[in-house]
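Number of protein chains: 2
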Amino acid sequence: MKHVAVLGCGNWGTTIANLLATDIDVSIFDNNVKMYVHETELEFEGKTRKLSEIINNLHINPKYLPDVKLSENVVAVTNFVDLKNTDVLIVCVPHQFLHTVREVYEVILKKEELIVINLAKGLVFEEKLSTPSEFVSHLINKKCSTLQGANIAHEIANKVVAETLIGYHDEFEKRIFKSLFVKPYFQVKFVKYNPTIDVYGALKNVVSFAYGIIEGIIESQGKENEHDKIVFGSNTKVIVLRRGISEILKFIEEEGYKGGKELFLETCGIADLIVSCEKGRNKQCGKMVCEAVKSCQSEKGMLSDILEEKFNGQKIQGMDTVKILYEYLKSKNRQNDFLMIKMVYELLFETCDLSPVYEFI
Amino acid sequence: MKHVAVLGCGNWGTTIANLLATDIDVSIFDNNVKMYVHETELEFEGKTRKLSEIINNLHINPKYLPDVKLSENVVAVTNFVDLKNTDVLIVCVPHQFLHTVREVYEVILKKEELIVINLAKGLVFEEKLSTPSEFVSHLINKKCSTLQGANIAHEIANKVVAETLIGYHDEFEKRIFKSLFVKPYFQVKFVKYNPTIDVYGALKNVVSFAYGIIEGIIESQGKENEHDKIVFGSNTKVIVLRRGISEILKFIEEEGYKGGKELFLETCGIADLIVSCEKGRNKQCGKMVCEAVKSCQSEKGMLSDILEEKFNGQKIQGMDTVKILYEYLKSKNRQNDFLMIKMVYELLFETCDLSPVYEFI
Numbered sequence: 001m002k003h004v005a006v007l008g009c010g011n012w013g014t015t016i017a018n019l020l021a022t023d024i025d026v027s028i029f030d031n032n033v034k035m036y037v038h039e040t041e042l043e044f045e046g047k048t049r050k051l052s053e054i055i056n057n058l059h060i061n062p063k064y065l066p067d068v069k070l071s072e073n074v075v076a077v078t079n080f081v082d083l084k085n086t087d088v089l090i091v092c093v094p095h096q097f098l099h100t101v102r103e104v105y106e107v108i109l110k111k112e113e114l115i116v117i118n119l120a121k122g123l124v125f126e127e128k129l130s131t132p133s134e135f136v137s138h139l140i141n142k143k144c145s146t147l148q149g150a151n152i153a154h155e156i157a158n159k160v161v162a163e164t165l166i167g168y169h170d171e172f173e174k175r176i177f178k179s180l181f182v183k184p185y186f187q188v189k190f191v192k193y194n195p196t197i198d199v200y201g202a203l204k205n206v207v208s209f210a211y212g213i214i215e216g217i218i219e220s221q222g223k224e225n226e227h228d229k230i231v232f233g234s235n236t237k238v239i240v241l242r243r244g245i246s247e248i249l250k251f252i253e254e255e256g257y258k259g260g261k262e263l264f265l266e267t268c269g270i271a272d273l274i275v276s277c278e279k280g281r282n283k284q285c286g287k288m289v290c291e292a293v294k295s296c297q298s299e300k301g302m303l304s305d306i307l308e309e310k311f312n313g314q315k316i317q318g319m320d321t322v323k324i325l326y327e328y329l330k331s332k333n334r335q336n337d338f339l340m341i342k343m344v345y346e347l348l349f350e351t352c353d354l355s356p357v358y359e360f361i
Numbered sequence: 001m002k003h004v005a006v007l008g009c010g011n012w013g014t015t016i017a018n019l020l021a022t023d024i025d026v027s028i029f030d031n032n033v034k035m036y037v038h039e040t041e042l043e044f045e046g047k048t049r050k051l052s053e054i055i056n057n058l059h060i061n062p063k064y065l066p067d068v069k070l071s072e073n074v075v076a077v078t079n080f081v082d083l084k085n086t087d088v089l090i091v092c093v094p095h096q097f098l099h100t101v102r103e104v105y106e107v108i109l110k111k112e113e114l115i116v117i118n119l120a121k122g123l124v125f126e127e128k129l130s131t132p133s134e135f136v137s138h139l140i141n142k143k144c145s146t147l148q149g150a151n152i153a154h155e156i157a158n159k160v161v162a163e164t165l166i167g168y169h170d171e172f173e174k175r176i177f178k179s180l181f182v183k184p185y186f187q188v189k190f191v192k193y194n195p196t197i198d199v200y201g202a203l204k205n206v207v208s209f210a211y212g213i214i215e216g217i218i219e220s221q222g223k224e225n226e227h228d229k230i231v232f233g234s235n236t237k238v239i240v241l242r243r244g245i246s247e248i249l250k251f252i253e254e255e256g257y258k259g260g261k262e263l264f265l266e267t268c269g270i271a272d273l274i275v276s277c278e279k280g281r282n283k284q285c286g287k288m289v290c291e292a293v294k295s296c297q298s299e300k301g302m303l304s305d306i307l308e309e310k311f312n313g314q315k316i317q318g319m320d321t322v323k324i325l326y327e328y329l330k331s332k333n334r335q336n337d338f339l340m341i342k343m344v345y346e347l348l349f350e351t352c353d354l355s356p357v358y359e360f361i
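Each protein sequence line maps, in turn, to chains X and R.
Sequential numbering of the first sequence, starting at 1, is according to UniProt numbering.
Sequential numbering of the second sequence, starting at 1, is according to UniProt numbering.
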């Protein structure tokens, strides 16, 4: 009987814990799917309550996935010790908190046969640049698989038909993942593990952020716009998209990641990018830039803080990824070879106005 | 002094004639840009008037581009004889009418130094499959360049920033096109001519049509839907998009077209596809499928007619392209290798219901 645990209770973590718990195959897995919750208190129905208690008693996560009734066998735990039986660990925390996997691994007593799969998006830059699955793997000296795809969380939570991609290491893992993840509405394709899968998951957020910025500019056109002579529209938005894609592929090639072109045609590539540009949190955040630019004109450098605040504590991965990417590229003096990354970075962390966009277009 | 003429007065033809006429370089070109209009009478301000007269007297095209004031040097002509001085011919008719280029060429007295550029999208299947520029070239035994890009016509007409791609044959042509087409809001990239550019222009319409179908299904969900248990959303739309892209690239490779992967990253490739999926006429038409399916359930095979009617006589290229592609593939018994093309074809011309979509997903 294998024990399954999800590390993280954001909207994606909660969604995936619920997906795994629903109709879980009890001939293979323990019925309960544990979800590690970073405990917090919140106002709920007039009372101050603990998040884990609401999840376990009322089977909803009011903070990150308020509209979805969770399966009763999603069990919130708040202490790493409660994860000690874990056989399959699903990592679904913002990449800033990936280091906690090391602590969990100690608690699991460094179980030899532990299966780990990463669902986090982003990049880590400590000495060298790593994808989340590479970073986790390095932390615990153990293989880490990855799942990435065009998977807007609240849609998956509502059983909307979607496809995803799992990069697995061996046939045993593949069988386990198949039993766990495949659902009538969740089509899973399996390929041999490749860190490039995660690179798409990280870089697409920079492009969708930039795409959102253009959308914000389009919507505010005609109001107060110093660049009023230059008109943006759908034709302009796809200029950003196209150049963003070229930049992703260039980055993948120049950094020596393999299989970029084939993986671009999988759901982790073009499909995830497009759905993020249509509906993702980073695009929405990019869209807010115009408004935020106005409110922080006197306090340069605050733009990123304002945006994070608006998202109720949820991490805006694209913002963090662009910072990491820019710092990484700058450390190699290559920042001028990636003009979209540079444009988003300058806007967020330097000029705090839209001039980098007009320069880029 | 070179004379420029646009063959076609649809929304793209009118837009491009207006773009060329605005600030035309009179050191190289005659001031007037002729636009061949297939004459028609229409009700306008309470009177029955000829389209060409409205264009020449009031400088608008009420039929295809009603909201845009045209430059006064866009001159509508209704007889091929009026094109006899033409030095640069811009072909912008639906691909069904491309054969008229032969007649125009006779009128131009088969001018040796005539420059021809195609802006039409679609494919022709007569004995063999041709792109519009290949077909024109074959008709008049003369090189034909091509212009394709993410260029929603009414946005270009309103000077929205856009980029386009011209596939040219020689340096002289390139200089002429540069003087004619480049505008502050219209960024033109030049590459050596390649029919693959046109193949993207044709096939993207099939994908955006399919994308629109899914969007129509999403919007009608919960109303009357025999497939109510299967829920579609943004995650599902990009399944169609992703498979569509794979199918385009497969078609290009298997048909022996060159440079597919590089051109996919140009505006004629991914950007044109995405903007068509967001805003294009074929996507809108796909979206109407759900409604139309209901109204023609008793008269199978009428779906395509209903859809064309709704678009006020404007050709829905994606519908025609899918028919040509399917017939071509069927003639080689390869229709089962292209499941998206097959899905759209069956829906439009065979089942006249949504079952092919659910089978495809």
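Virtual Cβ for every residue (Gly too), placed ideally from N, Cα, C.
Exposure label - residue i; buried when at least 16 CB within 10 Å
i	result
residue 1 of chain X	exposed
residue 102 of chain X	exposed
residue 243 of chain R	buried
residue 25 of chain R	exposed
residue 363 of chain X	Because chain X in this structure spans residues 1 to 361, residue 363 of chain X falls outside the shown range and cannot be described.
residue 189 of chain X	exposed
residue 284 of chain X	buried
residue 184 of chain X	exposed
residue 18 of chain X	buried
residue 127 of chain R	exposed
residue 295 of chain X	exposed
residue 178 of chain X	exposed
residue 287 of chain X	buried
residue 96 of chain X	exposed
Coil, strand or helix - residue i by DSSP
i	result
residue 319 of chain R	helix
residue 84 of chain R	coil
residue 30 of chain X	strand
residue 339 of chain X	helix
residue 284 of chain R	helix
residue 265 of chain X	coil
residue 190 of chain X	strand
residue 361 of chain R	coil
residue 93 of chain X	coil
residue 330 of chain R	helix
residue 258 of chain R	coil
Distance between beta carbons of residue j and residue i, contact taken as under 8 Å
i	j	result
residue 118 of chain R	residue 150 of chain X	That pair is no contact at about 35 Å.
residue 240 of chain R	residue 214 of chain R	5 Å
residue 94 of chain X	residue 315 of chain X	4 Å
residue 205 of chain X	residue 14 of chain X	Not a contact, Cβ separation roughly 20 Å.
residue 16 of chain R	residue 6 of chain R	6 Å
residue 78 of chain R	residue 39 of chain R	4 Å
residue 379 of chain X	residue 199 of chain X	Outside the displayed span of chain X (1 to 361) sits residue 379 of chain X, for which this structure offers no information.
residue 192 of chain R	residue 167 of chain R	7 Å
residue 92 of chain R	residue 120 of chain R	6 Å
residue 125 of chain X	residue 324 of chain X	5 Å
residue 263 of chain X	residue 196 of chain X	5 Å
residue 154 of chain X	residue 11 of chain X	7 Å
Residue from the options whose Cα sits closest to the Cα of residue i
i	options	result
residue 246 of chain R	R:30, R:268 and R:207	R:207
residue 163 of chain X	X:61, X:171, X:328 and X:148	X:148
residue 220 of chain X	X:268, X:271, X:290 and X:325	X:290
residue 76 of chain R	R:212, R:21, R:98 and R:260	R:21
residue 159 of chain R	X:230, X:120 and X:129	X:230
residue 139 of chain R	R:201, R:123 and R:98	R:98
residue 233 of chain X	R:276, R:64, R:353 and R:257	R:276
Please go through the stretch 97-181 of chain R and give each complete alpha helix (DSSP H) segment of 4 or more residues, from N-terminal end onward. List check, alpha helix (DSSP H) in window: 100-107, 132-140, 153-157 and 171-181.
Can you list, in chain order, the stretches of the beta strand (DSSP E) that have 3 or more residues and sit fully within the stretch 5-74 of chain R? 29-36, 41-44 and 47-50, all fully within the stretch 5-74 of chain R.
Which whole runs of the beta strand (DSSP E) in the stretch 223-255 of chain R are 3 residues long or more, in chain order? The stretch 223-255 of chain R contains no whole beta strand (DSSP E) run of 3 or more residues.
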